[in-house]
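Novice: So that we are looking at the same thing, I have put the structure below in C-alpha cells.
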Amino acid sequence: MFHRNCRNLQLFYRNYRKEAPADLDAPFFANNIGSNISKWRTILKKYPNLKSMKQKDVLSTVEVLKKLNYNVDDIILKPIILTIGEHSVENRYHILKECGCNNVTISLLSRYIVAMNKNVATLKSLNHIPYDLDVIEKLRRTFTDVDIKLPKNSPCNENIEIKVLRQHFVNYYLEQRLDFSQDNIQKLWKAYGRIKHKSFYSLQKMIKILIEDLKFSPERISKNAFTLYADFRNVERILKEIPSINGENMQEILYKRPKIMMSPCSALMTILKHIKDHGIKEDAILKCPEVLTLGPDTILERLRDLNKVEQLQVLNSNPRILRLIHYQKKARLRLEYLNQIKMRCISLHILSCTSGAFVKFARDGEDRTRGRDIVGYLAHVLEKEEPSIRDLMSRHPNWCHIPILHIKHCYEFLLNKKFSKADIYDNVHLLLYPIKRIEEKLRLLCSTKFLQQLQLDVNGPLSNKNTLALALYLIESDYHFTGDGVWAEHYGQQVENFKNLLPDFPETVNTDYRYGVKPAATRAAVK
Numbered sequence: 001m002f003h004r005n006c007r008n009l010q011l012f013y014r015n016y017r018k019e020a021p022a023d024l025d026a027p028f029f030a031n032n033i034g035s036n037i038s039k040w041r042t043i044l045k046k047y048p049n050l051k052s053m054k055q056k057d058v059l060s061t062v063e064v065l066k067k068l069n070y071n072v073d074d075i076i077l078k079p080i081i082l083t084i085g086e087h088s089v090e091n092r093y094h095i096l097k098e099c100g101c102n103n104v105t106i107s108l109l110s111r112y113i114v115a116m117n118k119n120v121a122t123l124k125s126l127n128h129i130p131y132d133l134d135v136i137e138k139l140r141r142t143f144t145d146v147d148i149k150l151p152k153n154s155p156c157n158e159n160i161e162i163k164v165l166r167q168h169f170v171n172y173y174l175e176q177r178l179d180f181s182q183d184n185i186q187k188l189w190k191a192y193g194r195i196k197h198k199s200f201y202s203l204q205k206m207i208k209i210l211i212e213d214l215k216f217s218p219e220r221i222s223k224n225a226f227t228l229y230a231d232f233r234n235v236e237r238i239l240k241e242i243p244s245i246n247g248e249n250m251q252e253i254l255y256k257r258p259k260i261m262m263s264p265c266s267a268l269m270t271i272l273k274h275i276k277d278h279g280i281k282e283d284a285i286l287k288c289p290e291v292l293t294l295g296p297d298t299i300l301e302r303l304r305d306l307n308k309v310e311q312l313q314v315l316n317s318n319p320r321i322l323r324l325i326h327y328q329k330k331a332r333l334r335l336e337y338l339n340q341i342k343m344r345c346i347s348l349h350i351l352s353c354t355s356g357a358f359v360k361f362a363r364d365g366e367d368r369t370r371g372r373d374i375v376g377y378l379a380h381v382l383e384k385e386e387p388s389i390r391d392l393m394s395r396h397p398n399w400c401h402i403p404i405l406h407i408k409h410c411y412e413f414l415l416n417k418k419f420s421k422a423d424i425y426d427n428v429h430l431l432l433y434p435i436k437r438i439e440e441k442l443r444l445l446c447s448t449k450f451l452q453q454l455q456l457d458v459n460g461p462l463s464n465k466n467t468l469a470l471a472l473y474l475i476e477s478d479y480h481f482t483g484d485g486v487w488a489e490h491y492g493q494q495v496e497n498f499k500n501l502l503p504d505f506p507e508t509v510n511t512d513y514r515y516g517v518k519p520a521a522t523r524a525a526v527k
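For the sequence shown, UniProt numbering begins at 1 and goes up steadily by one.
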C-alpha cells in the first residue's frame, strides 16, 4: 500500500511539474550584455552550464556587476562570474574591499574562494593588497558600532588564511557587541557557516535592525542566529513596503517568526496577492505566518490544488486554512489514508496536527470532530456569528459525527431548492440529515393529500421555513426523536461499532515519513 501511495503522490505532483525553460543562447547574452554573437557562441562552448541558467538570474548579476563598474570586456574575460548570484557577487566584492584589496579585478572577484584560502602575506605578494597596509588594523576599524579589542593572546597575524582571520574578528565582534559566549559562537559556526561569507558592514547593519527595529535581545539573536546572514536591505524593504498584515505590525510578525525575513520582499508581496486572489482573508496569515516562508510559485500551486479536492475546498473559509497550504503534502497523504479506512469526519486540525495526535485519532477510530470546522463553515455561508451557530448545533446529540462535506452538499441542495439562508438557519439541524431523506420528505410535503393526512390547520401553502421544520420533524419521527435519523442506511451502526470496523493500524506509523515523522535511520543520521 505504501509503495502504491508513493506512486500516486509522484503522479499527482507530476501533473503540476512545469516544463523546463529553454536554454539560453548566444543572441540572448549578446543582446543583454554586449559583444557579438560569435564571441558568445565560443564562450558557451567553453562554459555550457551558462545555457541552463535562468534569464532573471543572469540579468540580475549583470546589473550588479555594472553597478560595481565592471564592463562588458570584464565579463567576457571571466564569464564564469555570471554563475554567481547577484547578492554573492556584491557581498564578495565588499569583503575583498574590507580586507584591503584596493583594485578588485574581475579575475580576483571570480576567484574569491581561492583568495580567501590564502594568507595576507601571499595576497600582498600578488599585489592584491598594498604591501604597507596593516590589514589587522583595517579589519578592526571596519567595525564602527563597537571598538574591537584584540586579546593579548590573539592569533591574528598576516600569516594565517584571510578567511580564518575574518572569522576571528567576527568572534570578537559577537563577544563584545552581543555578549555571545564561546559555546554560542561555536554553535553558530557549526550551524550557520555561511556567515563567513558576509561582509562586516552587512553584519553590523543586520544587527542594528534586529536590535533597534525588531527589538531582538542578544539572547534571541543567539537562538535565531540564521538572521545574521539575512540581507539587511531586504529586511528594510519588507518593513517599508509591508508595514502590517491585517493590522498587526510587520515588526511584531518578524519578531515572532524571524524566518520570514529570509524571504525576498517581492516574494512576500506576491504571496499576499495570491492569498487575496483566492478569497482568503489576511487574518488567516496571522494564524499560520509560516506560510510566508514558502515560495510564491509553491503557494500558488497549492492554492490551486486546494480547490481541486472537495474535502479540502470546503475548508476554504476556515481562518486556519493556510495550515493546509503549509502542510499540504502531509495533509494529502493523511487524507488519503483516512479515506482508505473509511473515516468520514476529517477536520483541518487532524490533517495538520502533530504526528502523535494524528496517530491517536486514527487508532482510536472515533469518527467525529469537535465541530470547529462545521461551525466556521456555517457561520461563513449563513453570515452568522460562530457562538450562535455552535449554540444551535450543540443541541443535536450527533452533530459532531457528521462530515463537513456532507453539510456543504446538504446546504447547497437546499439552496438549489430555493430555500433562503434565513430558512436554513432557522432549521439548521436539517443539514445533518441524508439528502435522500430530506428530498423524500420535501416531496411528501408537496402533496395536498399528505398534508390533509397530517391534519395540519394551515391556510394556504406552507412557508419555506415551516416546510423545512416539518421535513425535520418527519425524519426524526421515524427514529422516535433520538437524533439517530442522521445516519445514512449504508453506514448503519457506524459510531457504536466503528472501532471494530477499523483495519489494523500500520506498525510503521511512528517511523514512517508519510505520517509526518522521519524514519529512524534518518533521525540517526541527523543526530
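Even glycine gets a Cβ: it sits at the ideal position worked out from N, Cα and C.
Is Y377 buried or exposed, if buried means 16 or more other CB atoms sit within 10 Å of its CB?
Specialist: buried
Novice: Under 8 Å by Cβ, that's how I've got M261 and T227 pegged, so tell me the actual separation to the nearest angstrom.
Specialist: 6 Å
Novice: Compare the C-beta of K449 with all C-beta atoms of chain C and state if any pair is closer than 8 Å.
Specialist: In summary, chain C is missing from the structure at hand, where a single protein chain is found.
Novice: Does Q182 pass the burial test, meaning 16 or more other C-beta atoms within 10 Å, or should it be called exposed?
Specialist: exposed
Novice: Determine the DSSP secondary structure at N249, reduced to helix, strand or coil.
Specialist: strand
Novice: Identify the residues that DSSP records as bridge partners of E161: which are they?
Specialist: Per DSSP, N119.
Novice: Residues in its own chain within less than 7 Å of D373 by CB, not counting five upstream and five downstream?
Specialist: L315, N318, S347, L348 and I404
Novice: Start and end of the alpha helix (DSSP H) containing Y93?
Specialist: E86 to E98
Novice: Near Y47, which residues of its chain fall below 7 Å by C-beta distance, leaving aside the five closest residues on each side in sequence?
Specialist: P79 and I80
Novice: Expressed to the nearest angstrom, what Euclidean distance is found between the alpha-carbon atoms of R344 and I435?
Specialist: Between R344 and I435, the alpha-carbon positions lie close to 16 Å from each other.
Novice: Assuming contact is defined by CB atoms lying nearer than 8 Å, are L351 and A331 in contact in what I supplied?
Specialist: yes
Novice: To the nearest angstrom, how far is it from the Cα of L126 to the Cα of D134?
Specialist: So the alpha carbons of these two residues sit roughly 16 Å apart.
Novice: Tell me the residue span of the alpha helix (DSSP H) that contains residue 530.
Specialist: Not covered by the structure: residue 530. The range shown for the chain is 1 to 527.
Novice: Pick out whichever of C101, S244 and S447 has its Cα sitting closest to the Cα of D132.
Specialist: C101
Novice: So is S202 buried or exposed if we call it buried at 16+ other beta carbons inside 10 Å?
Specialist: With 16 or more other Cβ atoms within 10 Å, it is buried.
Novice: What are the start and end residues of the alpha helix (DSSP H) that includes S222?
Specialist: Run containing S222: P218 to K223, per the alpha helix (DSSP H) assignment.
Novice: Buried or exposed for Q493, please, with buried defined as at least 16 other CB atoms from any protein chain shown within 10 angstroms of its CB.
Specialist: Only weak support is given to the placement of Q493: the predicted model assigns it a pLDDT of 38, under 50, and the question is left unresolved by the model.
Novice: Would you report the Cα separation of K118 and S355, rounded to the nearest angstrom?
Specialist: 49 Å
Novice: Check whether the Cβ atoms of T369 and C400 sit closer than 8 Å, and answer yes or no.
Specialist: yes
Novice: Nearest-angstrom Cα distance between L65 and V89?
Specialist: 8 Å
Novice: Quick one: which unbroken alpha helix (DSSP H) runs of 4-plus residues sit fully inside the stretch 412-482? Chain order, please.
Specialist: 421-426, 435-445, 448-454 and 464-477
Novice: Tell me whether the beta-carbon of F143 lies closer than 8 Å to the beta-carbon of Y192.
Specialist: no
Novice: How many angstroms separate the CA atom of L430 from the CA atom of I424?
Specialist: 8 Å
Novice: When burial is assigned at 16 or more other CB atoms within 10 Å of the CB, is R334 buried or exposed?
Specialist: buried
Novice: CA-CA distance, S60 and S52?
Specialist: 15 Å
Novice: Identify which residue in V114, R111, N49 and K163 has its Cα closest to the Cα of C99.
Specialist: K163
Novice: Is the beta carbon of F232 sitting closer than 8 Å to the one on K205?
Specialist: Between F232 and K205, the C-beta gap is smaller than 8 Å, which places the two residues in contact.
Novice: Which of helix, strand or coil does DSSP assign to S35?
Specialist: coil
Novice: As a quick exercise: from I245, L82 and P296, pick the residue whose alpha carbon is nearest that of D283.
Specialist: I245
Novice: When every heavy atom of the ligand MN is checked, does at least one fall within less than 7 Å of the C-beta of I275?
Specialist: Among the components modelled here there is no ligand, and therefore nothing to report on the ligand MN.
Novice: To the nearest angstrom, report how far apart P387 and S394 are at their CA atoms.
Specialist: Cα to Cα, the separation comes out at about 10 Å.
Novice: Judging by CA-CA distance, which residue of F200, I113, R363 and Q186 is the nearest neighbour of I148?
Specialist: F200
Novice: With distance defined between alpha-carbon atoms, name the residue in L468, A422, N416 and K421 nearest to K441.
Specialist: L468
Novice: Could you check the C-alpha separation between Q340 and D367 for me, to the nearest Å?
Specialist: 13 Å
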